[in-house]
């Protein structure tokens, strides 16, 4: 990388060779051996946790160190090597000695290192020695020259004497001028609550000795002749320019009419997320360095500029005819990546706006969208603001909100302070999340990127409540709020298809929901309000959230002082397994016994490494008599392996229910007598059309029963009995749960020979309900009919298949939205339509069109029970040289092939062709073998895969060990699951008899 500073001072360019990076990584691996003892020594020294940099209050092992960002690896390695002797003498900055403005802005101590005369030591710590408090940025894009220019002023405070300043800047940025001067304060302006600018005069200019650019760290380090003075304030002035290139992800640029003679048919904006801020202007890129921004944008006359704060004045530029300068109001303190600038031709964008009750203007700029749709979205967001302000206890933090709708956005939406860029897939309800990020993300900001999931989760969490308040369906990314444990199980199913961040975000939402009901909604809401007010216009670490919730709940008496939300969160958020809570009664001793263990859903591997997990579990508990009398239940906290509570169990009535309001991410089971009492009561209440147990609790009981039965914890007869009340059920939410349960069980039964009897049982249960619902025009009846239709199509019910074939015909022509169960049922049961489906896939493949449709249709074709059709599909996928499907399509289809026998016979007959085709793709080859083992669910299937392994063992190479392991897994699963099948079949025969 080459920097281009002014020629008035020397410049040095530094490149870090790849070999050095490897050496540093290896050195870090070695250093990790004493990381834990080092951390304990610091704790014993009595140093305040707030004054220890982030890596000194954590237990760093080899994996954590190797996963650290490269810049932090290099920095920390060097620091450890040079400062081990001074480790126990760390001290923090006393911010009381800094100006009052800085004290207000930096509420948390900033760690610093011991004094040193060694320049190299100072360089490593220079990022901690400087705190910016304001930026003045003039931004001017020159589209025809494909460049943008900037004039930047950064005002800083020196927190510790240092002779270097480190700025973050991109490699394509060229510095034209750079000066630094010390300032002295005269007056403080009170014209604006956030206008903390002092009237200043230059006291002295500082001599720059050299500038060092480090490409690997995107750093520009400025070395000074003399050290900065502690608590003194300085001004850095920079003029720079940079190209507008496709690789610069910080610039959003699109020319939508290249032949426009006035050259005004374009828009340009900034996207400073994900580290892109350093591609637009040099800065101190760290969330804890919040600062005010004063923005000016120079742009062609006839175009409009929009930024994170309202427009102040529009100035004509006499020195640049045809150009104008837009001046914007000073922003509140914010993270540099929250800033946004957008330039557009207002004549080419439609505009809609609405004003909240508090006077906040939400304005939409539209290109390539339906204006009425955007108007609905803007009005929806406007209506949401008062509700959110009341819940959060904080007024909308930005002075305005501009929403720019762009047809070529690759993301659903991107949020900035006072601005949202939205794509074509955005929905009014979906925009609630981005609206909430004005509070959670910009008003309060995570101090480091690893804790951003806290604000993201809070935004999704509150979007759920807001959507309910506005009487909309829960489509804002938080529809998993209905039943916590069920959706956590669903999360585990799709975990491999999610990023780690997405998985953590959604798990955190479910955990927040559990806390909301455990602490009481009022205490939880007040705790969030305390958190927002305490960290306003500042940064936070995750512990700040838990502290705020604890203090409020302890004060309200809704949480025992021996329990803290931080301690609760540690296990819940770090584990990817669920607890199983078992509740039983002892009538003789009048006690209630509650136990916890790890819920083993998939044998045999889920239990490994998890045997000793101990959750702190909130258990809402109610009884039949409480429900009949309308009395609230109790809340128990299970903190040990088991708890025995003295209760008058005779006063419970016929049954009792744990987790009755579905707040917890756990499964609940009972003793056999209570399961029987629950099923009998549900059936009786259904007959008289008056359920004492609420709908969401009925759904939860149904789901729990089947999860437990399928995993071997509950007798299948009890689970089937818990299903019988459905013939009287009129609530769609319960039917949605049943549909989920049906497909879970059906998937388990594929290849066992019992699936046909199970489909008959479901058909006998659903057909009367389906026919009855067809004659009812109520909304609930239509929802139930749709769900029953979905299940009956998969089960092959003939009257439902007539409508399903008509839908399938229309779908083949237009690929409109369709129920997956409809397509799967038609292709499973109608041979003629299976042939049409395969022909359609091959046509799409030949035309290279609609990969998503192609992949979906392939997965549905794989569900055919006919061996010859499955073999044809496998041949097309794996061996046909004239047809090449993507790896993703193959990996999506193979799990849907149900027959172990068919799959193994095909592999055997086409062994040489498959081996040759995937010889250079070991991962794909191993995946095919893994799928072969996974399908073996019966003793016959396991014997077949073992024989297959023995026959081809010498040809398998390194994949042989993996296949051997997969066969062992299949055998152990079969031993647990298959031997439940005869019992299940016997119970089905009783019901069908």
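In the numbering used here, the protein residues as written are 5 to 997. Where a beta carbon is used, it is the ideal one built from N, C-alpha and C, also for glycine. All values reported here derive from a predicted model rather than from experimental measurement.
Report all residues from its chain with a CB closer than 7 Å to the CB of residue i; omit the five preceding and five following residues, and keep chain order.
i: residue 891; result: 928
i: residue 527; result: 556, 557, 560 and 562
i: residue 402; result: 421, 422 and 442
i: residue 539; result: 448 and 548
For residue i and residue j, I'd like the C-alpha separation in whole angstroms.
i: residue 317; j: residue 357; result: 21 Å
i: residue 577; j: residue 550; result: 13 Å
i: residue 666; j: residue 533; result: 25 Å
i: residue 838; j: residue 388; result: 48 Å
i: residue 463; j: residue 440; result: 5 Å
i: residue 284; j: residue 296; result: 17 Å
i: residue 992; j: residue 692; result: 27 Å
i: residue 759; j: residue 596; result: 39 Å
i: residue 877; j: residue 864; result: 11 Å
i: residue 572; j: residue 987; result: 39 Å
i: residue 763; j: residue 427; result: 43 Å
i: residue 811; j: residue 948; result: 40 Å
i: residue 1006; j: residue 818; result: Coverage of the chain is limited to positions 5 through 997, which leaves residue 1006 absent and any answer about it impossible.
i: residue 888; j: residue 908; result: 22 Å
i: residue 745; j: residue 698; result: 19 Å
Please state if the CB of residue j and the CB of residue i are separated by a distance shorter than 8 Å.
i: residue 160; j: residue 139; result: no
i: residue 722; j: residue 709; result: yes
i: residue 1010; j: residue 457; result: Given a span of 5 to 997 for the chain in the structure shown, any question on residue 1010 remains unanswerable.
i: residue 287; j: residue 171; result: yes
i: residue 728; j: residue 687; result: yes
i: residue 2; j: residue 249; result: Any answer about residue 2 is impossible in this case: the structure gives the chain only from 5 up to 997.
i: residue 690; j: residue 644; result: no
i: residue 155; j: residue 142; result: yes
i: residue 280; j: residue 254; result: yes
i: residue 651; j: residue 594; result: yes
Can you name the residues that DSSP bridges to residue i?
i: residue 596; result: 589 and 649
i: residue 327; result: 304
i: residue 622; result: 641
i: residue 407; result: 368 and 424
i: residue 338; result: 295
i: residue 144; result: 153
i: residue 245; result: 153 and 178
i: residue 450; result: 544
Tell me which residues share the same chain as residue i and place their Cβ nearer than 6 Å to its Cβ, disregarding the 5 neighbours each side in the sequence.
i: residue 144; result: 153 and 302
i: residue 211; result: 229
i: residue 372; result: 411
i: residue 674; result: 587
i: residue 397; result: 533
With a CB to CB cut of under 8 Å and the five nearest residues on each side skipped, what residues in its chain are close to residue i?
i: residue 968; result: 953
i: residue 627; result: 637, 655, 656, 657, 659, 660 and 661
i: residue 390; result: 360, 361 and 362
Three-state secondary structure (DSSP) at residue i?
i: residue 426; result: strand
i: residue 296; result: strand
i: residue 834; result: coil
i: residue 436; result: helix
i: residue 321; result: coil
i: residue 737; result: helix
i: residue 979; result: helix
i: residue 470; result: helix
i: residue 940; result: coil
i: residue 136; result: strand
i: residue 990; result: helix
i: residue 772; result: helix
i: residue 443; result: coil
i: residue 859; result: helix
i: residue 851; result: helix
i: residue 283; result: helix
i: residue 674; result: strand
i: residue 464; result: helix
i: residue 171; result: strand
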